[in-house]
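Down below is the structure, laid out as structure tokens.
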Amino acid sequence: MILPGNGCEDILDSNWYSDCKDKIEQLFENDISRKVTVICKDMPDPYVARESMWIPFVEQQLKPYEGKEHCKLVLIGHSSGVSACVTDMGDENERRSGYYNREWNWKSMKENCPTIIQFGSKDDHLVDFETEQVVVNHNLKPITYFYEDKNHFLSYTVDPEIIKSFNNDIIKKTN
């Protein structure tokens with residue numbers, strides 16, 4: 453499931469989300485032994501991204517796949533949609549979302565998500581790179597891909613490294 457940043461009313465026409473969906477589906481188009489469903493739906497409350505609305509929506513979307521042994525769930529978050537996002541970065545709109553009013557249970561996150569991959573860029577104008585490193589790397593120890601010049605990954609084409617990582621770090625390691 454692709455979880456967009458806030459401000460995306462039409463997820464399929466926002467940033468790289470539609471391209472990412474298509475490219476993931478292409479990875480499996482010749483593999484008749486596995487069926488892939490990429491959920492890429494408009495989120496409720498797209499401008500504030502309130503936890504009280506987003507989490508129930510995500511749970512509802514994933515419910516049909518819950519408990520199925522053959523099913524592997526992958527969440528791809530961008531910006532406000534990053535499930536490992538742990539700070540409001542001083543942004544009032546992020547603060548209003550409701551995710552930051554309690555301590556994070558890092559142990560539970562690691563237990564429930566055996567593979568965490570983090571992409572970041574030193575020139576990101578929305579997420580402070582140093583804070584991102586301290587908070588996420590220290591607590592989750594993800595597979596990391598860091599760049600100097602990708603900014604906030606705002607493009608209509610998914611960065612090829614994201615698809616490569618999806619294939620190498622998730623698909624090949626879970627087969």
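Counted from 1, the sequence shown has number 504 at position 52 by the numbering used here; the numbering is strictly sequential. Beta carbons: idealized from backbone N, C-alpha and C, even for Gly.
Contacts around residue i, its chain only, beta-carbon distance under 6 Å, and the 5 residues preceding and following it disregarded
i    : result
I568 : L592 and P594
D471 : T609 and V610
F598 : G572
8 Å CB neighbourhood of residue i in its chain, flanking five on each side removed
i    : result
L479 : V488, I615, F618, N619 and I623
N467 : P456, G457, C460, H530, F605, L606, S607 and Y608
Between the CA atoms of residue j and residue i - distance to the nearest angstrom
i    : j    : result
G457 : N603 : 14 Å
E481 : V490 : 12 Å
D540 : D576 : Here the model assigns D540 a pLDDT of 42, short of 50, so the residue's position is not dependable, and the following value carries that caveat. Going by the C-alpha atoms only, they are around 15 Å apart.
A536 : A501 : Only weak support is given to the placement of A536: the predicted model assigns it a pLDDT of 34, under 50, and the value that follows is read from those uncertain coordinates. Approximately 15 Å, taken between the alpha carbons.
V538 : V579 : Any reading at V538 needs caution, since the residue's pLDDT is 44, under 50, leaving its predicted position unreliable; the model's value is listed next. Their backbone Cα atoms lie some 11 Å apart in a straight line.
D601 : N564 : 32 Å
T583 : N589 : 10 Å
K625 : M505 : 33 Å
K574 : S560 : 28 Å
I528 : D483 : 22 Å
T596 : P516 : 31 Å
Contacts around residue i, its chain only, beta-carbon distance under 7 Å, and the 5 residues preceding and following it disregarded
i    : result
G542 : For G542, the predicted structure reports a pLDDT of 49, less than 50, and the residue's modelled location is therefore unreliable. The matter cannot be settled from this model.
Start and end residues, alpha helix (DSSP H) containing residue i
i    : result
I615 : P612 to S617
F509 : E503 to L514
S470 : Y469 to F480
Start and end residues, beta strand (DSSP E) containing residue i
i    : result
I595 : I595 to Y599
Anticipated Cβ contact below 8 Å, residue i with residue j, distance rounded
i    : j    : result
I476 : Y469 : Actually they are not in contact, since the Cβ atoms of I476 and Y469 sit about 11 Å apart, beyond 8 Å.
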